[in-house]
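K.L.:
After the structure tokens below, expect a handful of questions from me.
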Amino acid sequence: MKNKYYVLVPAYNAADTIGQLIDRLTKLSDFFEKIVVVNDGSNDDTATIVNQFTEVLCFSHQKNKGKGEALQTGIDLILQQFENATAIIFIDSDLQHEPEHIPLFVEAFEQGRGDFIIGRRQMTLRKMPLARILSNLMTSFLISIKLRKKVYDSQCGFRMISTALLKGAKPFETGSYAFESELLIKSGRNDAKFAHINVPTIYHGEQSYINGFRDTFAFIRTYLRF
Numbered sequence: 050m051k052n053k054y055y056v057l058v059p060a061y062n063a064a065d066t067i068g069q070l071i072d073r074l075t076k077l078s079d080f081f082e083k084i085v086v087v088n089d090g091s092n093d094d095t096a097t098i099v100n101q102f103t104e105v106l107c108f109s110h111q112k113n114k115g116k117g118e119a120l121q122t123g124i125d126l127i128l129q130q131f132e133n134a135t136a137i138i139f140i141d142s143d144l145q146h147e148p149e150h151i152p153l154f155v156e157a158f159e160q161g162r163g164d165f166i167i168g169r170r171q172m173t174l175r176k177m178p179l180a181r182i183l184s185n186l187m188t189s190f191l192i193s194i195k196l197r198k199k200v201y202d203s204q205c206g207f208r209m210i211s212t213a214l215l216k217g218a219k220p221f222e223t224g225s226y227a228f229e230s231e232l233l234i235k236s237g238r239n240d241a242k243f244a245h246i247n248v249p250t251i252y253h254g255e256q257s258y259i260n261g262f263r264d265t266f267a268f269i270r271t272y273l274r275f
């Protein structure tokens with residue numbers, strides 16, 4: 050039976066970029082079945098723009114809950130409505146991830162190179178602030194040590210994860226930005242096969258979701274918990 054892939058986009062106040070992202074995604078529709086957007090309580094025109102695309106399934110939180118909750122909502126929605134889903138492709142709404150790399154993720158998945166595929170960005174001061182580089186190196190190192198598997202870019206939200214791994218990671222227990230680390234750790238413990246795809250480093254400040262001190266604390270708590 051043919052594999053079925055779904056694209057999940059968490060979006061918060063993404064009116065400036067979400068329309069362009071969906072336009073670019075629709076040109077790649079041969080590689081997936083459906084685009085699912087979770088509008089995380091945006092107070093701009095994000096929902097209005099998304100709802101103009103009839104081929105996109107949009108779910109809106111009434112208030113902002115954070116990226117972790119938005120991802121959980123989207124995962125649950127896909128698993129419930131599309132029982133044939135083989136894997137979910139995760140991509141952020143702010144154009145920091147180029148959707149044109151999705152075919153590379155799909156190719157890696159179908160070739161059996163991995164069932165948890167992660168974008169790997171180039172971490173240089175020309176492309177990313179020092180604080181983000183250090184944070185990413187630290188979290189990637191710690192997760193690699195815990196799992197005894199190499200993870201190069203633990204904070205990259207551009208991912209493709211099998212639904213078997215996602216089901217195995219439930220119940221989800223982290224509502225914050227550290228949810229992505231929870232998925233990494235739980236999947237690694239469930240014998241995930243990690244693969245990495247080189248993707249461009251496109252940094253816009255990540256103001257919509259990341260709060261440095263709060264999310265660092267959330268990562269530490271998640272790391273120790275799992």
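Numbering (my numbering), first residue to last: 50 to 275. Where is the CB? At the ideal position from N, CA and C, for every residue including glycine.
#1: Buried or exposed: where does MET50 fall if 16 or more other Cβ atoms within 10 Å of its Cβ makes it buried?
#2: Going by C-alpha distance, which of SER203, ARG181, ARG170 is nearest THR188?
#3: Once DSSP output is grouped into helix, strand and coil, what is the label at SER211?
#4: Using CA atoms only, rank isn't needed, just tell me which of PHE108, THR97, VAL248 is closest to CYS205.
#5: When burial is assigned at 16 or more other CB atoms within 10 Å of the CB, is ASN88 buried or exposed?
#6: Alpha carbon to alpha carbon, how far is GLN69 from PRO178? Give it in angstroms, no decimals.
#7: Let me confirm a value: THR75 is counted as buried when at least 16 other C-beta atoms fall within 10 Å, else exposed. Which label applies?
#8: Do you know how far the Cα of ASN133 is from the Cα of LYS235?
#9: Whole-angstrom Cβ separation of THR124 and LEU215, contact assumed at under 8 Å?
#10: Can you find the residues in the same chain that come closer than 6 Å, C-beta to C-beta, to HIS110, ignoring five residues on each side of it along the sequence?
#11: Under the rule that 16 or more other beta-carbon atoms within 10 Å means buried, what is ASN92, buried or exposed?
#12: Which first and last residues belong to the beta strand (DSSP E) in which ASN88 is found?
#13: Determine the closest residue to THR250 out of PHE102, PHE207, ALA227, ALA60, with distance taken between C-alpha atoms.
P.N.:
Let's see:
#1: By 1-based counting over the sequence shown, the position of residue 50 is 1. With fewer than 16 other Cβ atoms within 10 Å, it is exposed.
#2: Along the sequence shown, one-based indexing puts residue 188 at 139. The candidate whose alpha carbon is nearest that of THR188 is SER203.
#3: As a first step, residue 211 must be located in the sequence shown, where it is residue number 162. Assigned with DSSP and collapsed to three states, SER211 falls in strand.
#4: Position 156 of the sequence shown, counted from the first residue, corresponds to residue 205. Checking every option, the nearest Cα to that of CYS205 belongs to VAL248.
#5: Position 39 of the sequence shown, counted from the first residue, corresponds to residue 88. Classified as buried, ASN88 has 16 or more neighbouring CB atoms from the shown chains inside 10 Å of its CB.
#6: Position 129 of the sequence shown, counted from the first residue, corresponds to residue 178. Position 20 of the sequence shown, counted from the first residue, corresponds to residue 69. Spanning the two alpha carbons is a distance of roughly 25 Å.
#7: One-based indexing of the sequence shown puts residue 75 at position 26. Counting Cβ neighbours within 10 Å, THR75 comes out exposed, since fewer than 16 surround it.
#8: On the sequence shown, position 186 is the one that residue 235 refers to. On the sequence shown, position 84 is the one that residue 133 refers to. Take the alpha-carbon of LYS235 and the one of ASN133: they are about 23 Å apart.
#9: As a working note, residue 124 is residue 75 in the sequence shown. As a working note, residue 215 is residue 166 in the sequence shown. In the sequence under discussion, the amino acid at residue 124 is Ile, which differs from the Thr named in the question. Confirmed, Cβ separation roughly 6 Å.
#10: Reading the sequence shown from its first residue, position 61 is the one you call residue 110. Answer for HIS110: ASP89, GLY90, listed in chain order.
#11: By 1-based counting over the sequence shown, the position of residue 92 is 43. The residue in question, ASN92, is exposed, as its Cβ has fewer than 16 Cβ neighbours within 10 Å.
#12: The residue you call residue 88 lines up with position 39 of the sequence shown. Element bounds for ASN88: 83-89.
#13: As a working note, residue 250 is residue 201 in the sequence shown. When each option's Cα is compared against that of THR250, the closest is PHE207.
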